[in-house]
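Undergrad: Numbering (the numbering used here), first residue to last: 9 to 338. Questions regarding the structure given below will be posed in turn.
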């Protein structure tokens, strides 16, 4: 059978590099790959549906699924996962001592819908009692002016969300004191260059995040892999084959990460950190597959709906190709 020639956009993570270099190919598929930053993949996927297979934002995918308007169906290959307590940056001269002090404050964000911010708002509400409606949200580019939502949103009444001036950035406004805080997946440059009165809400974020995992067993999912919906319907074998390839690529990366004889990663104690993560979080701490992540996904879709981003409460199974929910067992 002649292979399908399909386009794929995904960041070149250690867990996807075997797909990029061909060590973990997709059976039946000849790939044309674009190694893009996630923000570019998302913009081009959700605005123009450019790619056949694409790294997608879990939040934007959930939002479009709730509206019945999504061009993609996902597979449960979570190529990006991150604890997000590190992504809250504050002015230290505004009396902000705990997350609850953000009530009434002006807080910048690059997009209301991005997955990182859904997790941050949900965690702040569940663990610290901060109602998102109590915050005065300001949207714009972290480093480049003019950023807006990648897909249209309609928030419930009571949420104050305003676009910042077209010539300003969130990083600049935080440094100048025009914002009290910023929540963002990427660290603003004003923090990285050590601007006075700018700091993380949780300076010792690894300890806070480790405690969060011990209490919840949640390692937040950020990005999944989407397949153009009409392709998945036209070729019923495709979704599982793509999932198997991404799983093989991840397994290769983790085998290399545990190799002590010669280091695949440029960290002197990377193997020790990998072993510690397995002790603290379990052997398959970066799990793919639906059932292993059901509790994480249920929490996420609850946050998403509570925050007004979903037109209705989405059931996690709806996000994924049905064939990837029921894999062969031997």
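No residue lacks a Cβ here, since even glycine has one placed at the ideal position from N, Cα and C.
What does a CB cutoff of less than 6 Å around residue 256 pick up in its chain, not counting 5 residues either side in sequence?
TA: Counting only Cβ-Cβ distances below 6 Å, and skipping sequence neighbours, we find 32.
Undergrad: Take residue 203 and list the residues in its own chain whose beta-carbon comes closer than 7 Å to its own, dropping the five residues that flank it on each side.
TA: Within the same chain, residue 203 has close Cβ partners 183.
Undergrad: Can the beta-carbon of residue 112 be found less than 8 Å from the beta-carbon of residue 181?
TA: Contact flag unset, no.
Undergrad: In angstroms, rounded to a whole number, what distance separates the CA positions of residue 83 and residue 35?
TA: Near 16 Å, if we compare the C-alpha coordinates of residue 35 and residue 83.
Undergrad: Would you report the Cα separation of residue 149 and residue 123, rounded to the nearest angstrom?
TA: Roughly 16 Å between the two C-alpha positions.
Undergrad: In three-state DSSP terms, what is residue 8?
TA: With the chain covering 9 to 338 only, the question about residue 8 has no answer from this structure.
Undergrad: Helix or strand or just coil, what does DSSP make of residue 302?
TA: Note: residue 302 maps to helix in three-state DSSP.
Undergrad: Output the distance between the C-alpha atoms of residue 128 and residue 10, rounded to the nearest integer angstrom.
TA: If you take the alpha carbons of residue 128 and residue 10, they lie about 46 Å apart.
Undergrad: Among 74, 107 and 91, which residue has its Cα nearest to the Cα of residue 136?
TA: Minimum Cα distance to residue 136 is reached at 107.
Undergrad: What are the partner residues of residue 309, as DSSP defines its beta bridges?
TA: DSSP lists no partner for residue 309.
Undergrad: Over the uninterrupted alpha helix (DSSP H) stretch that includes residue 214, give me the two end residues.
TA: Segment 213-224, the alpha helix (DSSP H) holding residue 214.
Undergrad: Based on the DSSP secondary-structure assignment, which residues constitute the bridge partners of residue 16?
TA: DSSP, once it has assigned bridges, lists 41 and 61 as partnering residue 16.
Undergrad: Can you name the residues that DSSP bridges to residue 171?
TA: DSSP lists 147 as partners of residue 171.
Undergrad: Under 8 Å between the Cβ atoms of residue 28 and residue 43?
TA: Cβ distance < 8 Å, so residue 28 and residue 43 count as in contact.
Undergrad: Run the CB neighbour count on residue 187, radius 10 Å, all protein chains shown included, and call it buried at 16 or more, exposed below.
TA: Burial call: buried.
Undergrad: Please state the DSSP three-state secondary structure of residue 95.
TA: Of the three classes helix, strand and coil, the one that applies to residue 95 here is helix, per DSSP.
Undergrad: Would you tell me roughly how many angstroms separate the C-alpha atoms of residue 155 and residue 336, rounded to the nearest one?
TA: Going by the C-alpha atoms only, they are around 43 Å apart.
Undergrad: Cα-Cα, which of 159, 164 and 146 is closest to residue 171?
TA: For residue 171, the nearest C-alpha among the options comes from 146.
Undergrad: Is the beta carbon of residue 232 sitting closer than 8 Å to the one on residue 64?
TA: Yes, they are a contact pair.
Undergrad: Assuming residue 296 and residue 86 form a contact by the criterion Cβ under 8 Å, report the distance between their Cβ atoms to the nearest whole angstrom.
TA: That belief holds up - the Cβ atoms of residue 296 and residue 86 are roughly 6 Å apart, short of 8 Å.
Undergrad: What number of angstroms, rounded off, separates the C-alpha of residue 246 from the C-alpha of residue 239?
TA: Cα to Cα, residue 246 sits roughly 8 Å from residue 239.
Undergrad: Let me check one thing: in DSSP terms, what residues is residue 229 bridge-paired to?
TA: Beta-bridge pairing links residue 229 to 89.
Undergrad: Which whole-angstrom value is the C-beta distance of residue 19 and residue 260, which I expect to be below 8 Å?
TA: Not quite, the Cβ-Cβ distance comes to about 16 Å (not below 8 Å), so this is no contact.
Undergrad: Grouping DSSP H, G and I as helix and E and B as strand, with all else coil, what is residue 210?
TA: Of the three classes helix, strand and coil, the one that applies to residue 210 here is coil, per DSSP.
Undergrad: From the DSSP secondary-structure annotation, give me the bridge partner or partners of residue 236.
TA: Bridge partners of residue 236: 80.
Undergrad: Within its chain, find whatever has a CB closer than 8 Å to the CB of residue 293; leave out the 5 residues flanking it on each side and keep chain order.
TA: Cβ neighbours of residue 293 beyond the five flanking positions: 227, 285 and 286.
Undergrad: Pick from 104, 71, 66 and 100: whose alpha carbon is nearest that of residue 88?
TA: Per the Cα distances, 66.
Undergrad: If I'm right that residue 95 touches residue 193 with Cβ under 8 Å, what's the distance once you round it to whole angstroms?
TA: That pair is a contact at about 6 Å.
Undergrad: Measure how close the beta-carbons of residue 70 and residue 309 come, nearest whole angstrom, since I'm counting them as under 8 Å.
TA: Residue 70 to residue 309, Cβ: 6 Å. Contact.
Undergrad: Along the chain, where does the alpha helix (DSSP H) that runs through residue 131 open and close?
TA: Residue 131 -> alpha helix (DSSP H) spans 123-136.
Undergrad: Closest by CA to residue 120, which one among 105, 68, 166 and 142?
TA: The shortest C-alpha separation from residue 120 is found at 68.
Undergrad: Using the Cα positions of residue 263 and residue 168, report the straight-line distance between them to the nearest angstrom.
TA: Their backbone Cα atoms lie some 47 Å apart in a straight line.
Undergrad: State the DSSP-derived secondary structure class of residue 116, mapped to helix, strand or coil.
TA: Residue state, collapsed to three classes: strand.
Undergrad: Would you report the Cα separation of residue 305 and residue 254, rounded to the nearest angstrom?
TA: Going from the Cα of residue 305 to the Cα of residue 254 covers about 19 Å.
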